[in-house]
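A.B. asks:
Protein chains: 2
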Amino acid sequence: MATIYEVSKLVGVSVATVSRVINGSSRVSEKTREKVLTAMRTLNYRPNSIAQSLASNRSNSVGILVPQVHGPVFASMLSEAEEELRNAGKFTIFATGLSDEVKEQEAIRFLVSRNCDALIMHVDALTDEFIKEQMDDALPFLIMNRVVPGLEDKCISLDNERGGFEATRTLLEMGHRRIAYISGPLAWVDASARLEGHRRALAAYGQEFDERLLVESNFKEVGGSEAMSKLLRRGRRRPFSAVVCANDEMAAGAMDAIRARGLSIPEDISIVGFDNAPLSRYLYPKLTTVNYPIAEMGRMAARWVLRNVYKDSEAEIRHVFRPTLVPRGSAITAEGSRDDAPGN
Amino acid sequence: MATIYEVSKLVGVSVATVSRVINGSSRVSEKTREKVLTAMRTLNYRPNSIAQSLASNRSNSVGILVPQVHGPVFASMLSEAEEELRNAGKFTIFATGLSDEVKEQEAIRFLVSRNCDALIMHVDALTDEFIKEQMDDALPFLIMNRVVPGLEDKCISLDNERGGFEATRTLLEMGHRRIAYISGPLAWVDASARLEGHRRALAAYGQEFDERLLVESNFKEVGGSEAMSKLLRRGRRRPFSAVVCANDEMAAGAMDAIRARGLSIPEDISIVGFDNAPLSRYLYPKLTTVNYPIAEMGRMAARWVLRNVYKDSEAEIRHVFRPTLVPRGSAITAEGSRDDAPGN
DNA sequence: CAGTAAGATGTAACCGCTTTCATTTCGATG
DNA sequence: CATCGAAATGAAAGCGGTTACATCTTACTG
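Structure below.
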């Protein structure tokens with residue numbers, strides 16, 4: 078690979094001048110610029126970005142830490158962010174943290190040791206304290222899908238409470254009154270916020286929240302299935318005509334359980350999910366769910382970095398995103414449903 | 078961040094010695110090694126990997142190029158490879174090529190400019206010629222899911238022909254005789270190899286291949302749906318009792334189309350997919366499909382790099398992976414099905 | 001046309017580490 | 001105790017850029 082020296086020699090200027098045309102950092106006469114560009118082309122020269130990084134103390138790379146890559150949520154976030162960054166000439170280095178505290182810390186250290194200019198982190202296991210204390214000095218960072226008190230301007234998140242509200246409100250507007258809720262682990266902020274929204278919606282429509290219609294589960298398919306079985310077993314007469322699941326995976330499991338019981342969706346039970354994951358379109362019937370604009374959020378994260386770290390963008394940064402309902406086939410009006418039909 | 082100089086000063090040795098203990102590259106007396114390690118700890122020193130890269134002409138990072146991140150296939154590949162590499166202390170930089178020739182070339186240049194030590198590429202749009210001519214000298218690289226003639230030892234792929242064979246064989250063993258086939262774009266090697274396997278299976282069971290039972294589609298859900306509609310329209314009496322789809326997404330679409338016609342799965346039509354994508358488990362009924370061991374393949378790619386580039390592994394490299402059938406609910410024996418019932 | 005400031009270019013130090021080669025240390029040997 | 005070779009260590013030259021500062025050109029100005 079050609080170096081900057083060879084270019085400078087070929088043109089007959091100093092390396093500094095070549096460097097200047099590479100970076101546009103300072104004025105170079107049009108004539109020499111042209112000559113340099115030509116030389117670069119004929120030598121097929123490409124700056125060694127490692128050397129650039131070392132000299133400029135800028136790696137031009139941003140680290141992204143996600144719990145895992147599979148899972149539609151992370152994949153979209155990752156790819157959108159990467160594209161935005163690459164368009165700006167930045168590299169994306171990624172690592173997975175597996176929702177494990179030690180691994181997340183390790184991954185951070187790993188990315189830091191690569192001199193990332195910034196970190197975009199989706200961390201589940203790290204405590205607020207760790208983030209506030211350990212991270213603050215190291216390098217610019219952004220937290221995804223989470224609000225760390227005191228660090229709001231470094232967080233990009235979804236208004237989960239509103240999402241929960243919307244999900245339940247939709248069912249209420251459809252005439253449903255007894256609405257079950259399958260929650261994620263309530264220790265997680267997003268899960269509890271979604272439930273909070275659910276409760277607010279019930280209250281807004283004058284419905285009392287019924288503890289017996291709530292099951293706390295684990296955001297997983299099997300968990301959703303078990304939760305639904307539990308709900309269906311709680312009494313001969315099914316005391317609800319609709320259910321909200323705090324994510325689509327659990328909704329998928331719940332649908333299995335409902336069918337296993339001989340009931341149909343949506344005639345016997347309407348169901349609303351959360352996330353609008355790809356799988357929601359493959360379920361049968363297609364799942365009515367709450368859209369999680371994760372792609373946009375990934376893009377926004379990239380813009381935040383571009384703007385705040387590289388001063389490369391004027392983009393307005395939005396920190397809290399708004400979930401919206403995606404109506405599909407799994408929820409219908411209460412009139413159209415066979416409410417209170419005996420369970421299997 | 079502390080530098081190697083501060084460490085060397087603190088211990089009272091030269092930077093060369095510190096470097097030696099960092100890399101274990103040459104002998105250092107046990108006593109000094111201990112002292113150096115202690116000093117590194119007290120200064121919380123971490124080698125600047127950028128500087129290491131520049132000096133050693135090794136970036137310790139490998140580039141991975143995938144068409145896109147979403148899509149279960151790429152996500153799994155990516156994350157498995159990343160994990161394997163990270164465990165070996167290597168960084169993973171990724172970029173997406175979007176199955177576009179220009180973008181793929183750009184992405185390669187992008188990764189090369191970052192001095193990746195190796196490239197793992199899943200490229201759709203690049204021609205064999207480009208790969209053979211342009212890439213060969215640049216840096217070590219590995220091609221995923223594709224066999225470039227003459228470069229077999231740099232390719233990791235699935236035995237698609239065998240997969241197609243297995244899918245069809247399964248249905249044949251179940252007693253099906255008239256088996257439709259919805260293919261991917263036959264210009265793509267994997268699509269045509271799968272079809273080839275299908276034909277071989279038919280031949281092996283003494284069945285004639287019927288051109289009218291083949292539709293070429295595009296690997297997408299909507300395409301699968303359209304293809305199935307077309308097949309169902311080809312005559313009053315449905316001339317097939319089962320269908321093989323060259324990937325799961327098309328199978329999902331096909332299932333929709335079958336149901337739209339008022340037929341049921343698997344009673345009226347058995348269906349087998351290909352890939353074992355996550356969605357296949359969410360379909361109803363759950364899809365019988367051919368497993369694509371993509372995670373393993375990603376891991377293997379990482380091992381190839383570790384072994385061939387970093388001389389860091391003794392792992393045996395497998396270049397061609399074997400697909401296996403995953404029986405689920407969407408295919409049943411022909412006896413149990415209502416073969417040749419009139420279409421809707 | 002001398003004077004001057006802005007513009008263009010060059011010089012060289014430096015970024016933090018690796019690595020070659022030279023030098024020193026050390027234990028074993030005769 | 002001098003000798004010798006192996007082991008341990010150090011000195012210094014890069015790796016390929018960036019950038020502060022110095023210097024040289026210009027184009028104006030009066």
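Heads up: the protein sequence lines correspond to chains W and E, in order. With the first sequence counted from 1, adding 77 to any position gets you our numbering. With the second sequence counted from 1, adding 77 to any position gets you our numbering. From the three backbone atoms N, C-alpha and C, an ideal C-beta is built for every residue, glycine too. These figures come from a predicted structure and were not determined experimentally.
If we ignore side chains and look at the alpha-carbon of each, how far apart do residue 417 of chain W and residue 362 of chain E end up?
C.D. replies: Because residue 417 of chain W sits at a pLDDT of 46, beneath the cut-off of 50, its placement in the model cannot be relied upon, and the point is left open.
A.B. asks: Whole angstroms are fine: how far does the CA of residue 321 of chain W sit from the CA of residue 257 of chain W?
C.D. replies: Residue 257 of chain W and residue 321 of chain W have their C-alpha atoms some 6 Å from each other.
A.B. asks: Taking only three categories from DSSP, how would you classify residue 132 of chain E?
C.D. replies: helix
A.B. asks: For chain E, is any of its Cβ atoms less than 7 Å away from the one on residue 155 of chain W?
C.D. replies: yes
A.B. asks: If contact is defined by three or more beta carbon pairs under 8 Å, each pair taking one atom from either stretch, is the segment 193–203 of chain E in contact with the segment 212–224 of chain E?
C.D. replies: yes
A.B. asks: The beta strand (DSSP E) with residue 258 of chain E in it runs from where to where?
C.D. replies: 256–260
A.B. asks: Rounded to whole angstroms, how far is the Cβ of residue 237 of chain W from the Cβ of residue 267 of chain W, which I believe are closer than 8 Å?
C.D. replies: 5 Å
A.B. asks: Please name the residues in the segment 191–203 of chain W whose beta-carbon is closer than 7 Å to at least one beta-carbon of chain E, in chain order.
C.D. replies: 191, 192
A.B. asks: Cβ atoms of residue 368 of chain W and residue 385 of chain W: under 7 Å apart, would you say?
C.D. replies: Cβ atoms of residue 385 of chain W and residue 368 of chain W: not closer than 7 Å.
A.B. asks: Among the candidates E:381, E:400, E:374, whose CA atom is the shortest distance from the CA of residue 152 of chain E?
C.D. replies: E:374
A.B. asks: Roughly how many angstroms lie between the CA atoms of residue 160 of chain E and residue 191 of chain W, to the nearest whole one?
C.D. replies: 16 Å
A.B. asks: Applying the criterion that 16 or more other CB atoms from any shown protein chain within 10 Å of the CB defines a buried residue, is residue 167 of chain W buried or exposed?
C.D. replies: So residue 167 of chain W counts as buried.
A.B. asks: Residues of the segment 144–173 of chain E with a CB closer than 7 Å to any CB of chain W: list them in chain order, please.
C.D. replies: From the segment 144–173 of chain E, only 145, 146, 147, 149, 152, 153, 155, 156, 159, 160, 163, 168, 169, 170, 171, 172, 173 have a Cβ closer than 7 Å to chain W.
A.B. asks: Using the beta-carbon count (16 or more within 10 Å), is residue 379 of chain E buried or exposed?
C.D. replies: buried
A.B. asks: Take the Cβ of residue 179 of chain E as the centre, count every other Cβ of all protein chains shown within 10 Å, and call the residue buried at 16 or more, exposed below.
C.D. replies: exposed
A.B. asks: Does residue 425 of chain W get closer than 7 Å to chain E when you measure Cβ to Cβ?
C.D. replies: Summary: the structure shown does not reach residue 425 of chain W, with chain W confined to residues 78 through 421, and so no result is reported for it.
A.B. asks: Going along the chain, which residues of its own chain have a beta-carbon closer than 6 Å to the beta-carbon of residue 157 of chain W, five neighbours each way excluded?
C.D. replies: 372, 375, 376
A.B. asks: What three-state label does DSSP hand residue 203 of chain E in the structure shown?
C.D. replies: coil
A.B. asks: So, with DSSP's three-state summary, where would you put residue 252 of chain E?
C.D. replies: Coil at residue 252 of chain E, not helix or strand.
A.B. asks: For residue 228 of chain E, which of E:210, E:106, E:243 has the nearest alpha-carbon?
C.D. replies: E:210
A.B. asks: Can you find at least 3 beta carbon pairs, one from the segment 91–106 of chain E and one from the segment 388–396 of chain W, that sit closer than 8 Å?
C.D. replies: Too few Cβ pairs lie closer than 8 Å, so no.
A.B. asks: Would you say residue 174 of chain E and residue 144 of chain E are within 7 Å of each other, going by their C-beta atoms?
C.D. replies: yes
A.B. asks: So what's residue 141 of chain W in DSSP terms, helix, strand or just coil?
C.D. replies: strand
A.B. asks: Name the DSSP bridge partner or partners of residue 232 of chain W?
C.D. replies: W:220
A.B. asks: Taking Cβ-Cβ distances shorter than 8 Å, what residues in chain W pair up with residue 128 of chain E?
C.D. replies: 131
A.B. asks: If I'm right that residue 286 of chain W touches residue 163 of chain E with Cβ under 8 Å, what's the distance once you round it to whole angstroms?
C.D. replies: Not quite, the Cβ-Cβ distance comes to about 45 Å (not below 8 Å), so this is no contact.
A.B. asks: Looking only at C-alpha atoms, which of E:271, E:344, E:270 sits nearest to residue 251 of chain E?
C.D. replies: E:344
A.B. asks: Check residue 354 of chain W in the structure and name its three-state DSSP category.
C.D. replies: coil
A.B. asks: If you measure from the beta carbon of residue 176 of chain E to each beta carbon in chain W, is any gap under 7 Å?
C.D. replies: no
A.B. asks: Cutting at 6 Å between CB atoms, please list the residues of its own chain near residue 124 of chain E, excluding the five before and the five after it.
C.D. replies: So the qualifying residues of the chain are 99.
A.B. asks: For the alpha helix (DSSP H) containing residue 172 of chain W, list its first residue and its last residue.
C.D. replies: Here residue 172 of chain W belongs to no alpha helix (DSSP H); instead the beta strand (DSSP E) covers 168–173.
A.B. asks: Name the two residues that bound the continuous beta strand (DSSP E) containing residue 347 of chain E.
C.D. replies: 347–349
A.B. asks: Does residue 79 of chain W come within less than 7 Å of chain E when only Cβ atoms are used?
C.D. replies: No, because no Cβ of chain E sits closer than 7 Å to the Cβ of residue 79 of chain W.
A.B. asks: Give me the Cβ distance between residue 289 of chain E and residue 242 of chain E, rounded to the nearest whole Å; I'm assuming they're in contact under 8 Å.
C.D. replies: About 21 Å; that fails the 8 Å criterion.
A.B. asks: Which residues mark the beginning and the end of the beta strand (DSSP E) in which residue 319 of chain E is found?
C.D. replies: 319–322
A.B. asks: On the DSSP bridge assignment, give the partners of residue 403 of chain E in chain order.
C.D. replies: In DSSP, residue 403 of chain E forms a bridge with E:366.
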